[in-house]
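Contents: one structure, followed by commentary.
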Amino acid sequence: MSTSRADLADFNYFLAIARHRSFRRAGLELGVSASALSHALKSLEARIGVRLLNRTNRSVTLTAAGEEFFAALVGPFEAIAGAALALDRHRDEPIGRIRLNVMQHASALLLAPVLPVFVERYPDIEIDVQVSNHLLDVVQAGADAGIRYGGTVPEDMVTQRLSAEMRWVVAGAPAYLEKHGVPLHPHDLLNHRYHRIRLGNDRIYHWDFERGEETFALDVPGAITIDDTPFAVALAAAGAGLAYLPEPYVLSQVRQGALRLVLEDWASMGRAA
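One rule links them: number in the numbering used here = place in the sequence shown (from 1) + 1343.
Okay, here's the thing in C-alpha coordinates:
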(Lines of atoms letter the chains of each structure in order from A and count residues from 1; the text may use other names and numbers.)
(Lines give C-alpha, C1' and ligand atoms only; values in the text may rest on other atoms or scores of the structure.)
Protein backbone atom coordinates (compact mmCIF):
# COMPACT_ATOMS: atom_id res chain seq x y z
CA MET A 1 0.00 0.00 0.00
CA SER A 2 1.20 3.54 -0.74
CA THR A 3 1.58 5.97 2.15
CA SER A 4 -0.08 9.38 2.16
CA ARG A 5 0.39 12.41 4.39
CA ALA A 6 -2.82 11.42 6.20
CA ASP A 7 -1.36 7.97 6.88
CA LEU A 8 1.72 9.52 8.50
CA ALA A 9 -0.47 11.63 10.77
CA ASP A 10 -2.54 8.59 11.72
CA PHE A 11 0.64 6.58 12.38
CA ASN A 12 1.71 9.27 14.83
CA TYR A 13 -1.72 9.14 16.49
CA PHE A 14 -1.41 5.36 16.79
CA LEU A 15 2.02 5.64 18.42
CA ALA A 16 0.70 8.07 21.05
CA ILE A 17 -2.29 5.84 21.83
CA ALA A 18 -0.05 2.78 22.06
CA ARG A 19 2.35 4.55 24.45
CA HIS A 20 -0.38 5.85 26.76
CA ARG A 21 -2.86 2.97 26.32
CA SER A 22 -5.47 5.73 26.45
CA PHE A 23 -7.22 7.89 23.86
CA ARG A 24 -7.69 10.68 26.41
CA ARG A 25 -4.04 10.88 27.49
CA ALA A 26 -2.84 10.58 23.88
CA GLY A 27 -5.19 13.40 22.94
CA LEU A 28 -3.76 15.61 25.69
CA GLU A 29 -0.23 14.99 24.36
CA LEU A 30 -1.18 15.72 20.77
CA GLY A 31 -3.74 18.46 21.37
CA VAL A 32 -6.45 16.40 19.68
CA SER A 33 -9.79 15.26 21.08
CA ALA A 34 -10.24 11.62 22.06
CA SER A 35 -13.14 11.28 19.62
CA ALA A 36 -10.99 12.60 16.75
CA LEU A 37 -8.28 10.06 17.63
CA SER A 38 -10.81 7.25 17.73
CA HIS A 39 -12.14 8.24 14.32
CA ALA A 40 -8.61 8.48 12.87
CA LEU A 41 -7.64 5.02 14.16
CA LYS A 42 -10.82 3.44 12.80
CA SER A 43 -10.04 4.98 9.40
CA LEU A 44 -6.45 3.70 9.56
CA GLU A 45 -7.56 0.18 10.46
CA ALA A 46 -10.08 0.24 7.63
CA ARG A 47 -7.46 1.36 5.11
CA ILE A 48 -4.89 -1.28 6.07
CA GLY A 49 -7.46 -3.99 6.74
CA VAL A 50 -5.97 -4.94 10.11
CA ARG A 51 -7.23 -4.30 13.66
CA LEU A 52 -4.52 -2.66 15.71
CA LEU A 53 -6.28 -1.99 19.03
CA ASN A 54 -8.56 -3.82 21.41
CA ARG A 55 -10.95 -1.27 22.92
CA THR A 56 -13.21 -1.64 25.93
CA ASN A 57 -14.87 0.95 28.13
CA ARG A 58 -12.01 0.61 30.62
CA SER A 59 -8.88 -0.17 28.61
CA VAL A 60 -7.03 0.03 25.32
CA THR A 61 -4.60 -2.75 24.43
CA LEU A 62 -2.65 -3.63 21.32
CA THR A 63 -3.46 -6.61 19.17
CA ALA A 64 -0.61 -8.83 18.05
CA ALA A 65 -0.58 -6.91 14.77
CA GLY A 66 -0.66 -3.66 16.73
CA GLU A 67 2.36 -4.71 18.80
CA GLU A 68 4.28 -5.57 15.64
CA PHE A 69 3.23 -2.32 13.94
CA PHE A 70 4.23 -0.27 17.00
CA ALA A 71 7.67 -1.90 17.12
CA ALA A 72 8.18 -1.16 13.42
CA LEU A 73 7.10 2.49 13.66
CA VAL A 74 8.63 3.69 16.91
CA GLY A 75 12.27 3.72 15.71
CA PRO A 76 11.72 5.70 12.49
CA PHE A 77 9.46 8.23 14.20
CA GLU A 78 11.99 8.75 17.00
CA ALA A 79 14.64 9.32 14.33
CA ILE A 80 12.41 11.95 12.71
CA ALA A 81 11.93 13.64 16.09
CA GLY A 82 15.70 13.59 16.61
CA ALA A 83 16.25 15.19 13.21
CA ALA A 84 13.78 17.94 14.10
CA LEU A 85 15.67 18.60 17.35
CA ALA A 86 18.91 18.83 15.37
CA LEU A 87 17.32 21.49 13.18
CA ASP A 88 16.28 23.38 16.29
CA ARG A 89 19.93 23.34 17.38
CA HIS A 90 20.87 24.99 14.10
CA ARG A 91 18.31 27.66 14.83
CA ASP A 92 19.17 28.25 18.49
CA GLU A 93 22.92 27.61 18.36
CA PRO A 94 24.31 28.39 14.90
CA ILE A 95 26.47 25.65 13.45
CA GLY A 96 28.18 25.08 10.12
CA ARG A 97 30.60 26.88 7.84
CA ILE A 98 30.57 30.45 6.59
CA ARG A 99 32.69 31.22 3.53
CA LEU A 100 33.82 34.83 3.17
CA ASN A 101 35.57 36.47 0.23
CA VAL A 102 37.26 39.56 1.65
CA MET A 103 39.50 42.30 0.33
CA GLN A 104 42.86 42.64 2.04
CA HIS A 105 42.11 45.94 3.77
CA ALA A 106 38.90 44.53 5.22
CA SER A 107 40.58 41.38 6.50
CA ALA A 108 43.03 43.35 8.63
CA LEU A 109 40.94 46.36 9.61
CA LEU A 110 37.47 44.84 10.00
CA LEU A 111 37.67 41.07 10.43
CA ALA A 112 40.79 40.65 12.54
CA PRO A 113 39.44 42.67 15.51
CA VAL A 114 36.04 40.92 15.63
CA LEU A 115 36.71 37.30 14.64
CA PRO A 116 38.14 36.28 18.05
CA VAL A 117 34.94 37.50 19.71
CA PHE A 118 32.79 35.77 17.09
CA VAL A 119 34.43 32.36 17.39
CA GLU A 120 34.25 32.58 21.19
CA ARG A 121 30.53 33.26 21.01
CA TYR A 122 29.75 30.75 18.24
CA PRO A 123 32.22 27.87 18.69
CA ASP A 124 30.31 25.56 16.34
CA ILE A 125 30.70 27.86 13.33
CA GLU A 126 33.71 27.39 11.07
CA ILE A 127 34.89 30.54 9.27
CA ASP A 128 36.56 30.06 5.89
CA VAL A 129 38.08 33.38 4.81
CA GLN A 130 39.48 33.90 1.33
CA VAL A 131 41.54 37.09 1.25
CA SER A 132 41.88 38.48 -2.26
CA ASN A 133 41.97 41.88 -3.88
CA HIS A 134 40.49 40.39 -7.03
CA LEU A 135 36.89 41.56 -7.26
CA LEU A 136 35.48 38.10 -7.80
CA ASP A 137 31.77 37.52 -8.06
CA VAL A 138 30.97 36.47 -4.49
CA VAL A 139 28.47 33.80 -5.54
CA GLN A 140 30.62 32.38 -8.33
CA ALA A 141 33.55 32.23 -5.90
CA GLY A 142 31.47 29.89 -3.73
CA ALA A 143 31.29 32.37 -0.86
CA ASP A 144 28.33 33.07 1.39
CA ALA A 145 29.25 36.74 1.73
CA GLY A 146 31.96 39.18 0.75
CA ILE A 147 33.44 42.49 1.88
CA ARG A 148 34.13 45.12 -0.78
CA TYR A 149 34.77 48.83 -1.05
CA GLY A 150 31.61 50.88 -1.29
CA GLY A 151 30.77 51.59 -4.90
CA THR A 152 32.29 48.35 -6.20
CA VAL A 153 29.36 46.07 -5.31
CA PRO A 154 26.99 45.07 -8.15
CA GLU A 155 23.57 46.68 -7.83
CA ASP A 156 21.77 43.33 -7.68
CA MET A 157 23.63 42.26 -4.52
CA VAL A 158 22.22 42.76 -1.02
CA THR A 159 24.58 45.11 0.83
CA GLN A 160 25.18 46.23 4.40
CA ARG A 161 27.60 48.97 5.33
CA LEU A 162 30.19 47.70 7.82
CA SER A 163 32.39 50.68 8.58
CA ALA A 164 32.60 54.41 8.53
CA GLU A 165 34.49 56.02 5.68
CA MET A 166 38.24 55.55 5.95
CA ARG A 167 40.71 58.41 5.80
CA TRP A 168 43.17 57.85 2.93
CA VAL A 169 46.58 59.45 3.29
CA VAL A 170 49.82 59.88 1.37
CA ALA A 171 52.93 58.61 3.12
CA GLY A 172 56.62 58.49 2.32
CA ALA A 173 59.89 57.68 4.03
CA PRO A 174 61.66 60.66 5.65
CA ALA A 175 64.78 59.99 3.55
CA TYR A 176 62.73 59.99 0.33
CA LEU A 177 61.02 63.27 1.26
CA GLU A 178 64.33 64.89 2.18
CA LYS A 179 65.72 63.95 -1.22
CA HIS A 180 62.67 64.71 -3.40
CA GLY A 181 60.91 67.39 -1.39
CA VAL A 182 57.62 67.48 0.50
CA PRO A 183 54.53 68.00 -1.70
CA LEU A 184 52.35 70.87 -0.50
CA HIS A 185 49.55 70.52 -3.07
CA PRO A 186 48.28 67.44 -4.98
CA HIS A 187 49.66 69.04 -8.17
CA ASP A 188 53.15 68.63 -6.67
CA LEU A 189 52.72 64.84 -6.77
CA LEU A 190 53.37 64.91 -10.51
CA ASN A 191 57.04 65.42 -9.63
CA HIS A 192 57.21 62.34 -7.40
CA ARG A 193 57.39 58.55 -7.65
CA TYR A 194 54.47 56.42 -6.55
CA HIS A 195 53.34 52.86 -6.21
CA ARG A 196 50.03 52.34 -7.88
CA ILE A 197 47.38 50.08 -6.35
CA ARG A 198 45.62 47.71 -8.70
CA LEU A 199 42.07 46.75 -7.78
CA GLY A 200 40.72 43.28 -8.38
CA ASN A 201 39.09 44.31 -11.64
CA ASP A 202 42.54 45.41 -12.94
CA ARG A 203 41.60 49.07 -12.60
CA ILE A 204 44.26 51.33 -11.05
CA TYR A 205 43.00 53.03 -7.91
CA HIS A 206 43.14 56.78 -8.43
CA TRP A 207 44.17 59.14 -5.68
CA ASP A 208 41.36 61.38 -4.39
CA PHE A 209 41.94 64.55 -2.41
CA GLU A 210 39.61 67.05 -0.81
CA ARG A 211 39.98 70.22 1.22
CA GLY A 212 36.81 72.02 2.09
CA GLU A 213 34.85 72.36 -1.13
CA GLU A 214 37.91 71.75 -3.28
CA THR A 215 38.50 68.26 -4.71
CA PHE A 216 41.28 66.78 -6.77
CA ALA A 217 41.68 63.36 -8.42
CA LEU A 218 44.99 62.06 -9.71
CA ASP A 219 45.52 59.07 -11.96
CA VAL A 220 49.09 58.50 -10.93
CA PRO A 221 51.74 57.17 -13.26
CA GLY A 222 54.28 54.86 -11.70
CA ALA A 223 56.95 52.30 -12.35
CA ILE A 224 55.62 49.98 -9.62
CA THR A 225 52.08 48.60 -9.62
CA ILE A 226 51.00 46.26 -6.83
CA ASP A 227 47.88 44.72 -5.35
CA ASP A 228 49.22 44.00 -1.86
CA THR A 229 48.83 46.63 0.85
CA PRO A 230 51.55 45.42 3.28
CA PHE A 231 53.95 45.39 0.32
CA ALA A 232 52.98 48.97 -0.48
CA VAL A 233 53.73 50.01 3.10
CA ALA A 234 57.09 48.23 3.02
CA LEU A 235 58.03 49.86 -0.30
CA ALA A 236 57.16 53.31 1.00
CA ALA A 237 59.19 52.73 4.17
CA ALA A 238 62.12 51.59 2.03
CA GLY A 239 62.08 54.90 0.15
CA ALA A 240 60.75 53.60 -3.17
CA GLY A 241 58.19 56.39 -3.46
CA LEU A 242 54.93 57.68 -2.06
CA ALA A 243 52.02 55.45 -1.15
CA TYR A 244 48.30 56.24 -0.95
CA LEU A 245 46.73 54.02 1.70
CA PRO A 246 44.07 53.83 4.43
CA GLU A 247 45.44 55.70 7.44
CA PRO A 248 45.18 52.75 9.89
CA TYR A 249 47.65 50.83 7.74
CA VAL A 250 50.45 53.35 8.19
CA LEU A 251 49.91 54.74 11.70
CA SER A 252 52.35 52.38 13.42
CA GLN A 253 55.09 53.17 10.88
CA VAL A 254 54.40 56.90 11.32
CA ARG A 255 54.72 56.60 15.10
CA GLN A 256 57.98 54.68 14.68
CA GLY A 257 59.34 57.33 12.31
CA ALA A 258 59.60 54.95 9.34
CA LEU A 259 56.98 56.93 7.41
CA ARG A 260 55.80 60.51 7.36
CA LEU A 261 52.38 61.74 6.27
CA VAL A 262 52.16 64.52 3.69
CA LEU A 263 49.24 66.55 2.32
CA GLU A 264 47.36 65.86 5.54
CA ASP A 265 45.01 68.79 4.99
CA TRP A 266 44.05 67.14 1.66
CA ALA A 267 43.41 63.66 3.05
CA SER A 268 40.17 62.25 1.65
CA MET A 269 37.54 60.03 3.19
CA GLY A 270 37.68 57.03 0.90
CA ARG A 271 35.15 54.33 0.19
CA ALA A 272 33.80 52.49 3.16
CA ALA A 273 33.50 48.73 3.32
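We put the CB at the ideal spot given by N, CA and C, even for glycine.
- Query: In chain order, what residues of the same chain have a beta carbon less than 7 Å from the beta carbon of residue 1380, not counting five sequence neighbours either side?
  - Reply: Within the sequence shown, numbered from 1, the residue matching residue 1380 stands at position 37. Excluding positions up to five away in sequence, the list reads 1356, 1360, 1366, 1369, 1370.
- Query: Are there three or more Cβ pairs, one per stretch, closer than 8 Å when the segment 1574-1583 is compared with the segment 1543-1559?
  - Reply: no
- Using the beta-carbon count (16 or more within 10 Å), is residue 1616 buried or exposed? Taking the first residue of the sequence shown as 1, we reach residue 1616 at position 273. Confidence is the limiting factor: at residue 1616 the pLDDT is only 43, short of 50, which leaves the residue's position unreliable and the question unanswerable from this model.
- Task: Output the distance between the C-alpha atoms of residue 1587 and residue 1505, rounded to the nearest integer angstrom.
- Result: As a first step, residue 1587 must be located in the sequence shown, where it is residue number 244. As a first step, residue 1505 must be located in the sequence shown, where it is residue number 162. The alpha-carbon atoms of residue 1587 and residue 1505 are separated by roughly 22 Å.
- Message: Which residues does DSSP list as the beta-bridge partners of residue 1439?
- Response: On the sequence shown, position 96 is the one that residue 1439 refers to. Answer is 1468, bridged to residue 1439.
- Do you know offhand how far residue 1511's Cα is from residue 1430's? As a working note, residue 1511 is residue 168 in the sequence shown. As a working note, residue 1430 is residue 87 in the sequence shown. So the alpha carbons of these two residues sit roughly 46 Å apart.
- Query: So, using beta-carbon positions, are residue 1444 and residue 1383 closer together than 8 Å?
  - Reply: For this step, residue 1444 is matched to residue 101 along the sequence shown. For this step, residue 1383 is matched to residue 40 along the sequence shown. Not closer than 8 Å, so no.
- Message: Which residue marks the beginning of the beta strand (DSSP E) containing residue 1538, and which one marks its end?
- Response: Your numbering for residue 1538 matches position 195 in the sequence shown. Unbroken beta strand (DSSP E) run through residue 1538: 1538-1540.
- Query: How many angstroms separate the CA atom of residue 1523 from the CA atom of residue 1481?
  - Reply: Along the sequence shown, read from residue 1 onward, the residue named residue 1523 stands at position 180. Along the sequence shown, read from residue 1 onward, the residue named residue 1481 stands at position 138. Taking the straight line from one Cα to the other gives about 42 Å.
- Item | Range covered by the alpha helix (DSSP H) that runs through residue 1548 | What you label residue 1548 is simply residue 205 of the sequence shown in a count that begins at 1. Run containing residue 1548: none; DSSP gives neither H nor E here.
- Anyone know if the C-beta pair for residue 1468 and residue 1438 falls short of 8 Å? Here residue 1468 refers to the residue found at position 125 of the sequence shown. Here residue 1438 refers to the residue found at position 95 of the sequence shown. Yes. Within cutoff.
- Quick one: what's got a C-beta closer than 6 Å to residue 1372's C-beta in the same chain, skipping five residues either side? What you label residue 1372 is simply residue 29 of the sequence shown in a count that begins at 1. Around residue 1372: 1359.
- Message: Helix, strand or coil, according to DSSP, for residue 1393 in the structure here?
- Response: Within the sequence shown, numbered from 1, the residue matching residue 1393 stands at position 50. Three-state result, residue 1393: coil.
- Query: Out of curiosity, what's the CA-to-CA distance linking residue 1390 and residue 1428?
  - Reply: For the purposes of this step, residue 1390 is taken as the residue at position 47 of the sequence shown. For the purposes of this step, residue 1428 is taken as the residue at position 85 of the sequence shown. Cα to Cα, residue 1390 sits roughly 31 Å from residue 1428.
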